[in-house]
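Numbering (my numbering), first residue to last: 19 to 375.
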Amino acid sequence: MKSNRFQELDMMRGFAACWVVGIHFWTWIIIPQFLGYNNYFEYIKAVGQASTIAKFVPLPFNSVGNIIFDLLNIFFILGYQGVHIFFVLSGFGLAYSRILKPDESWSLFIKRKFSRLYPTYFILYIFCLIVPRLRSDLFFGMFDWVSFWRSLIFLDKAIPFSWFMFPLIQFYLCFFLLFKWLYKFSIRRLLVISLAIQIPYVFLYFILGWNLYRPLLNVGYLASSRLFEFCLGMAMAKVYTRNPTLLINYLTKPVTIALAIFCEIVGIMCTFKFANHIIFWGWSLPFAMSIYDALIGFGIFVIIFNICRKLSDFSALITKFLTWIAQISYELYLTQFIGLIIIPMFLLQLFEVSLHF
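Next up, the structure:
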């Protein structure tokens, strides 16, 4: 089958990569300094992890400078949604590449995909091993040697910000089954099945307990919690290979955009503490948290798709830039900790040494 490049999706991958790096730069470098903390770790211990997402407007709207800062804060804090885009695109990319090569053996297909992931990952993995400070100073000292050994097979995040590899590899390993579902069931049924698996799973996980800083105990690090987004991408690949115009027309319909904005708003509200729990017979049930990933995944994908479509018409330079970023997005995800953590740590130590002379 002949490949038909989907330019908007390349741009979206580049946009998502920039957005994710942007939120990390904003929350690790800008916000802590702005609020008077020496570093991210002091800030996060003082305000809590949820507050870094919930505090969208830290300054009153009483001056132009404050308004600009708050708007930038909203944009960058929402950068975590780039991960939602990434999972939808991963589902699309895997399904699309498989549809284009239906006669390729599954072993060769998976081998080809893993060969794309491992080289960069292991270079950075070794780099992290030779930087002792990474084991003790980052993420509240949660790293240990067991974490590093688990990271050999992507079961932990020895490389900072690499948590997305955990569910991604799980999708790779179960893609054979998901691809069978893609053609066994209708698209509507596939998405319903994915929600029927995801929502109860996440719901029970929150009730039974979870740990934000232990990947094996964090619901977001398991593929089941991202299943709808991944299957949504696979479904779009199926439609696109049959009728590209049909998919594009659907994604750009005003009613689809309106629905996406609604899902985005509701999804964000579901992450707020006041909205994500239902009290039932004395039990605090995190119903909203069990569905917000699916709502945001659909909503932000459609919104950013239409933004990228307009940008491609507006500027060829922006199109080329985002397409180029898309080509190195995986490497950018994995190496961002060097600029956000390693270099600042080195400069801080250098500055402290210079003070003694």
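Every residue gets a Cβ at the ideal spot worked out from N, C-alpha and C, and that includes glycine. As the structure is a computational prediction, the values presented were derived from the model and not from experiment.
Taking only three categories from DSSP, how would you classify residue i?
| i | result |
| --- | --- |
| Tyr139 | helix |
| Gly54 | coil |
| Trp181 | coil |
| Gly111 | helix |
| Ala176 | coil |
| Ser212 | helix |
| Pro120 | coil |
| Thr289 | coil |
| Ser133 | helix |
| Ser125 | helix |
| Asn84 | helix |
| Asn91 | helix |
| Phe193 | helix |
| Phe280 | helix |
| Leu313 | helix |
| Ser333 | coil |
Between the options, which lies nearest to residue i when the distance is taken from Cα to Cα?
| i | options | result |
| --- | --- | --- |
| Met287 | Ser180, Lys271 and Asp311 | Asp311 |
| Ser242 | Pro50, Asn261 and Phe193 | Phe193 |
| Phe145 | Ile205, Trp124, Glu122 and Pro178 | Pro178 |
| Phe248 | Ser169, Ile215 and Tyr61 | Ile215 |
| Tyr201 | Arg168, Ala255, Ile47 and Pro362 | Ala255 |
| Thr274 | Ile321, Tyr258 and Gly315 | Ile321 |
| Ile103 | Phe323, Leu53, Ala176 and Met183 | Phe323 |
| Tyr139 | Glu122, Gly109 and Phe182 | Phe182 |
| Lys131 | Leu142, Ile318 and Gly109 | Gly109 |
| Ile12 | Trp124, Thr289 and Val82 | Residue 12 lies beyond the residue range present for the chain, which begins at 19 and ends at 375; the question has no answer from this structure. |
| Ile359 | Arg327, Ala35, Val39 and Leu126 | Val39 |
| Ser308 | Val284, Leu147 and Asn91 | Val284 |
| Leu340 | Tyr61, Phe87 and Met29 | Met29 |
| Phe105 | Pro262, Asn91 and Ile187 | Ile187 |
| Ile361 | Ser133, Ile47 and Ile318 | Ile47 |
| Leu269 | Ile325, Phe221 and Leu222 | Ile325 |
| Met252 | Ile318, Tyr223 and Gly111 | Gly111 |
| Ser180 | Arg206, Leu135 and Glu122 | Leu135 |
Only counting the same chain, and skipping five residues up and downstream in sequence, which positions put a Cβ closer than 8 Å to that of residue i?
| i | result |
| --- | --- |
| Ala64 | Tyr55 |
| Trp342 | Gly32 |
| Leu170 | Tyr143 |
| Thr337 | Gln25, Met29, Leu329 and Ser330 |
Near residue i, which residues of its chain fall below 6 Å by C-beta distance, leaving aside the five closest residues on each side in sequence?
| i | result |
| --- | --- |
| Arg31 | Leu107, Ala344 and Ser347 |
| Trp37 | Gly97 and Gly100 |
| Ile49 | none |
| Tyr61 | Pro50 and Tyr55 |
Please list, in chain order, all residues of the same chain as residue i whose beta carbon is under 7 Å from its beta carbon, the five residues on each side excluded.
| i | result |
| --- | --- |
| Pro185 | Tyr239, Leu240, Ala241 and Arg244 |
| Tyr219 | Ser242 and Ser243 |
| Trp124 | Phe194 |
| Ile318 | Gln99, His102, Ile103 and Glu282 |
I believe residue i touches residue j by the beta-carbon criterion, under 8 Å. Please report the beta-carbon distance rounded to the nearest angstrom.
| i | j | result |
| --- | --- | --- |
| Val257 | Leu265 | 5 Å |
| Gly315 | Phe246 | 6 Å |
| Glu26 | Arg327 | 5 Å |
| Leu350 | Ala35 | 5 Å |
| Tyr190 | Ile148 | Between Ile148 and Tyr190 the Cβ distance is about 28 Å, and since that is not below 8 Å, they are no contact. |
| Phe197 | Ala113 | 7 Å |
Inter-stretch contact at 8 Å, needing at least 3 Cβ pairs: the segment 211-223 / the segment 272-283: no
Three-pair Cβ contact test at 8 Å for the segment 31-43 versus the segment 347-354: yes
Meets three-Cβ-pair contact criterion under 8 Å: the segment 331-340 and the segment 111-119: no
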